[in-house]
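In order, the protein sequence lines correspond to chains Z and L. Just so we're aligned, residue 1 is where the first sequence starts under the numbering used here, counting upward by one. Just so we're aligned, residue 1 is where the second sequence starts under the numbering used here, counting upward by one.
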Amino acid sequence: MSQTDTAETRTNRTESQSVSTTTGETVEETQAEWTTYEGGGETKLAVDDLDVHYGSDHALKGVSMDIPEESVTALIGPSGCGKSTFLRCLNRMNDRIRAASVDGTVTLDGENIYQDGVDLVELRKRVGMVFQSPNPFPKSIRENVSYGPRKHGDIETGLLARLTGRADPGREEALVEQSLERAALWEEVRDRLDDNALGLSGGQQQRLCIARCLAVDPDVILMDEPASALDPIATSKIEDLIEDLAEDYTVVVVTHSMQQAARVSDQTAVFLTGGELVEYDDTEKIFENPESQRVEDYISGKFG
Amino acid sequence: MSRVTQTALVRDDRTLYEAAAGLAVGLSGVAFVTGLAALLNIVAIDDPVAGLELSVLFGVVLLGLGATTVGFGVASRFDYVETGAQPSAGIVAAAAFTAIWLAVGAAVSGAAGLGTVGQLGVGVFLGAAAFATTAFPREDIGSTMPAGAVAVLCGLALVTGVVGPGWEQALAGYNATLFGDTVVPAVVLFASLVTGWSAAKAYGGFGARGRNVGAYVLTYLVVGSILAVLVGLVAFVTVRGLPGLFNGFSVGGAGLLSWPFLTNGAGLLADIAGVFPALLGTVWLVIGAVLFAVPTGVGAAVFLSEYAEQGRFTGAVEVATNGLWSTPSIVFGLFGAAFLIPRFGNQKSLIAGMLTLGFMLLPLVLITSREAILAVPDEYRDASAALGVSKWQTIRSVVLPAAIPGVTTGVILGVGRIAGETAPILLTMGGGVLPAKSAAPNVLGGFQLSASPPFVSNPALLEATSALPYQLYALITAGLSGNIQNPQEYAWGLALTLLLVVLVFYAIGIGTRYYFRRKLHQ
Chain Z
1 MSQTDTAETR TNRTESQSVS TTTGETVEET QAEWTTYEGG GETKLAVDDL DVHYGSDHAL
61 KGVSMDIPEE SVTALIGPSG CGKSTFLRCL NRMNDRIRAA SVDGTVTLDG ENIYQDGVDL
121 VELRKRVGMV FQSPNPFPKS IRENVSYGPR KHGDIETGLL ARLTGRADPG REEALVEQSL
181 ERAALWEEVR DRLDDNALGL SGGQQQRLCI ARCLAVDPDV ILMDEPASAL DPIATSKIED
241 LIEDLAEDYT VVVVTHSMQQ AARVSDQTAV FLTGGELVEY DDTEKIFENP ESQRVEDYIS
301 GKFG
Chain L
1 MSRVTQTALV RDDRTLYEAA AGLAVGLSGV AFVTGLAALL NIVAIDDPVA GLELSVLFGV
61 VLLGLGATTV GFGVASRFDY VETGAQPSAG IVAAAAFTAI WLAVGAAVSG AAGLGTVGQL
121 GVGVFLGAAA FATTAFPRED IGSTMPAGAV AVLCGLALVT GVVGPGWEQA LAGYNATLFG
181 DTVVPAVVLF ASLVTGWSAA KAYGGFGARG RNVGAYVLTY LVVGSILAVL VGLVAFVTVR
241 GLPGLFNGFS VGGAGLLSWP FLTNGAGLLA DIAGVFPALL GTVWLVIGAV LFAVPTGVGA
301 AVFLSEYAEQ GRFTGAVEVA TNGLWSTPSI VFGLFGAAFL IPRFGNQKSL IAGMLTLGFM
361 LLPLVLITSR EAILAVPDEY RDASAALGVS KWQTIRSVVL PAAIPGVTTG VILGVGRIAG
421 ETAPILLTMG GGVLPAKSAA PNVLGGFQLS ASPPFVSNPA LLEATSALPY QLYALITAGL
481 SGNIQNPQEY AWGLALTLLL VVLVFYAIGI GTRYYFRRKL HQ
């Protein structure tokens, strides 16, 4: 984070404070100015005025934030604050929920992913996702990793491909090894790639899911509480992996654990009950000197 | 209060009381099993055992069991042993004993020649007494006294020969007669079930633990009797069917198997009449029905659970399929006869039978496939969608493979039902009562190509064909005569063959399911 950025945030704070003093005690605490942090690098994902309704339930209220590339952005907040909903908007997984309606724009590398004619297959290839509980397919480890590329036709297996000479087992092997290596799982499973993935431990399954996601070669990886179902050792492995991945990928991670957010993320967005983004800033800043009283209360455990 | 004193957490000393109660439970079990054997005619009730007729021995055992059961209750009530007896045996036990004693009272007074009013009076009186005895005293008395008394009464009846091997009773208004060889085992089964339960409660020291042991013994005895019925049924058919099935069976010199019952037809020229045409007919029938029903049923299930919006439409389809599954098979047969036969050469044919049975199988395949697909976790679908994989590819590569074991279960159940269907075959497929070998359907060799539409034809599919259950039915209604040497033996062999064919289909299905389960989880 450069010096100028910090200065900019400072200015924002002064502005917001003046607003609150003029309108008195009853002011709504959500200050758009506290969320205009722009981060260190190029903006990868820009979210503008995002609203999500589940039927009559207003789950996310006018959220705007820019997510910088090749960094870790943590989303924290109490249960039901909309952080997972927000995450699922970034690869349009909310389309799969019938009752959900999304308004606003999300731009990925300058293209609005909510405009007409967006190819969801292409979008989700570029924005991968890892879920809360490990969910490998009931297939072999190798098939799990190569599942995405196979279905996209990047790797051809099967009888027809073999007959026509288009099958390339070497390429598949290389991709599987590379993806597992990147997910720090290769050493543990290299001798049993044909075993069923459900035989792995929870932490290994979660890293397999990350490898499966990496095999599709995304730009952005969304993680929805990736370690909440794991023990402390598996959790620390996942955390190391997240930091490592941020060198090449844009990682957005939802977490319940503030320690985890503090450990792994470069910037943190705090959502509070009611689906509002209250504050978004450098992780260090959020945890040491938040602007909002409510965020400070939440972080110090007084609320949420 | 005796139940307060039993506070030790670990009890390793086995008291004489417990040993006696355990023995009584065991003896009740033995009596129960022997009673079952007598009911199935494996042992005869007038066989002499240890110098006594079996039915008298039963009586002695029941007398002993009844007396000791009462003894357990008394010993506990008067604190000769410490038990955890609760204040009452409970309303369920009381109601059960009321019903039992009401029936006992009515039966005994009926046998004693009292009129309807007398029967009713005695029954109500004994029922009320049993209720009072069970419900009001402490549990140890309440759950032993009425039980022991039932056993003593049954024992007395058997020992004195009031009910014995020669006993018979015409049932007024039923045009039927009860004989001793049915009633004696029934009495023994009933009384030993009651004493087994009661002694098991005593063994557990009454209270919560006693009830647990009592329920355990009761459950095991009942499960045992269900198994006995199943095994007895299969054994009955097997024993009678084996001579017919293995008539002329030999393993030839060069390991060549000769099994005329399965490979012969029933023509005049065959030395040993066989069931080959009907056997092949049944096999093709099942294959045809499965080939029709599985793709359509699974396809419909995929549409209903993955594509269609859950609502009124899917609800209506669900109700319709459930209704179709419980539609009587003769109705399917009638539909086949009226709709399919005019469209396939205007005569009963193999393909009409296949399709009719396919229609019957369809609803079950649809229902079970749908449940299997809905049981596939949404996590898999989410994971696949998040990788950018399209819906159809997800269904094909993730959802359907995970649902195969469930689908297979449905097909197994359905095949078990359709393989034994007679009514639809009677109406749509026909075939001879005793078909010669030449009448066997030659489906694989029957395909013919032609230059004009429909370009391919198969006469074997369009001929009337016999199937095992239909042939059995036809044989029986034809009076088991026919041009075969030993029709009785032939028919039982046929029945056993049908049983084995269904079992083989089951085995194939279970093997498939096991294979795919392993593949999914290991």
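Glycine included, each C-beta is placed from N, C-alpha and C at the ideal position.
Asked	Found
Here's the rule I'm using: 16 or more other beta-carbon atoms within 10 Å means buried, otherwise exposed. How should S305 of chain L be labelled?	buried
Just to confirm before moving on: does the CB-CB distance between A372 of chain L and G416 of chain L stay below 8 Å?	no
What are the residues in the stretch 185-200 of chain Z lying within 9 Å of chain L by C-beta distance?	D195, N196, L198 and G199
Please state the DSSP three-state secondary structure of Q267 of chain Z.	strand
Pick out the complete beta strand (DSSP E) segments inside the stretch 97-175 of chain Z, 3 residues or longer, and give them in chain order.	100-108 and 127-130
The alpha helix (DSSP H) with T144 of chain L in it runs from where to where?	Looking at the DSSP string, T144 of chain L is not in any alpha helix (DSSP H), and its letter there is neither H nor E.
Can you tell me where the alpha helix (DSSP H) with V398 of chain L in it begins and where it stops?	Unbroken run through V398 of chain L: none, as it is neither H nor E.
Determine, using beta-carbon pairs with one atom in the stretch 354-363 of chain L and one in the stretch 387-399 of chain L, whether at least three such pairs fall under 8 Å.	no
Please name the residue, chosen from L:Q169, L:V502, L:L279 and L:A436, that lies closest to G420 of chain L on a Cα-to-Cα basis.	L:V502
Of all the CB atoms in chain L, is at least one closer than 8 Å to the CB of V216 of chain Z?	yes
Would DSSP call S384 of chain L helix, strand or coil?	helix
Between which residues of its own chain and F276 of chain L is the CB-CB distance below 8 Å, once the five residues before and five after are set aside?	L262, T263, N264, G265, K437 and A440
Establish whether the CB of A402 of chain L and some CB of chain Z are separated by less than 8 Å.	yes
Under 8 Å, do A525 of chain L and F344 of chain L count as touching if we go by C-beta distance?	Because residue 525 of chain L is not part of the residues shown, which for chain L are 1 to 522, the question remains open.
Can the beta-carbon of A67 of chain L be found closer than 8 Å to that of W101 of chain L?	no
Candidates L:P459, L:T69 and L:L126: which alpha carbon is nearest A95 of chain L's?	L:L126
Quick one: give me the first and last residue of the beta strand (DSSP E) that H58 of chain Z is part of.	D57 to P68
Mind the definition here: the stretch 113-130 of chain Z touches the stretch 161-178 of chain Z only if three or more C-beta pairs lie below 8 Å; say whether that holds.	no
Between the C-alpha atoms of A474 of chain L and D181 of chain L, what's the straight-line distance to the nearest angstrom?	33 Å
Just to confirm my understanding: we take R240 of chain L, look at its own chain, exclude 5 residues before and 5 after, and list those with CB closer than 6 Å. What are they?	W492
List the residues that DSSP assigns as beta-bridge partners of E53 of chain L.	L:P48
Going by DSSP, what residue range makes up the beta strand (DSSP E) through E279 of chain Z?	E276 to D282
If you measure from the CB of G105 of chain L, is any heavy atom of the ligand GDP nearer than 7 Å?	With respect to small molecules bound, the structure shown includes none, and the ligand GDP cannot be examined in it.
On the CB-based measure, 16 or more other CB atoms within 10 Å of its CB, does Q267 of chain Z come out buried or exposed?	buried
Compile a chain-ordered list of the residues in the stretch 396-429 of chain L whose CB is closer than 8 Å to at least one CB of chain Z.	S397, V398, P401 and A402
Could you tell me which residues DSSP pairs with D48 of chain Z in its beta bridges?	Z:T105
Here's the rule: buried if 16 or more other CB atoms are within 10 angstroms of the residue's CB, otherwise exposed. What is P534 of chain L?	Chain L is shown from 1 up to 522; residue 534 of chain L falls before or after that span and cannot be answered.
Under 8 Å Cβ-Cβ, which residues of chain Z neighbour V275 of chain L?	Within chain Z, no residue comes near V275 of chain L; the closest Cβ sits about 41 Å away, beyond 8 Å.
Say whether the stretch 49-64 of chain Z touches the stretch 242-256 of chain Z, bearing in mind that this needs 3 or more beta-carbon pairs closer than 8 Å, one atom from each stretch.	no
Decide if L90 of chain Z is buried, meaning its Cβ has at least 16 other Cβ atoms within 10 Å, or exposed.	buried
Please return the same chain residues whose Cβ sits closer than 7 Å to the Cβ of Y17 of chain L, not counting the five positions on each side in sequence.	A75 and V81
With distance defined between alpha-carbon atoms, name the residue in L:W167, L:A186 and L:P185 nearest to T524 of chain L.	A query on residue 524 of chain L cannot be resolved here, the shown segment of chain L reaching from 1 to 522 and no further.
Please list the terminal residues of the continuous beta strand (DSSP E) segment that includes F179 of chain L.	A176 to F179
Does the stretch 194-208 of chain L come within contact of the stretch 52-69 of chain L, defined as at least 3 CB pairs closer than 8 Å?	yes
Taking C-beta to C-beta, are S55 of chain L and L218 of chain L nearer than 8 Å?	no
Starting from the Cα of T422 of chain L, find the closest Cα among L:L472, L:L462, L:I412 and L:S450 and give me that residue.	L:L472
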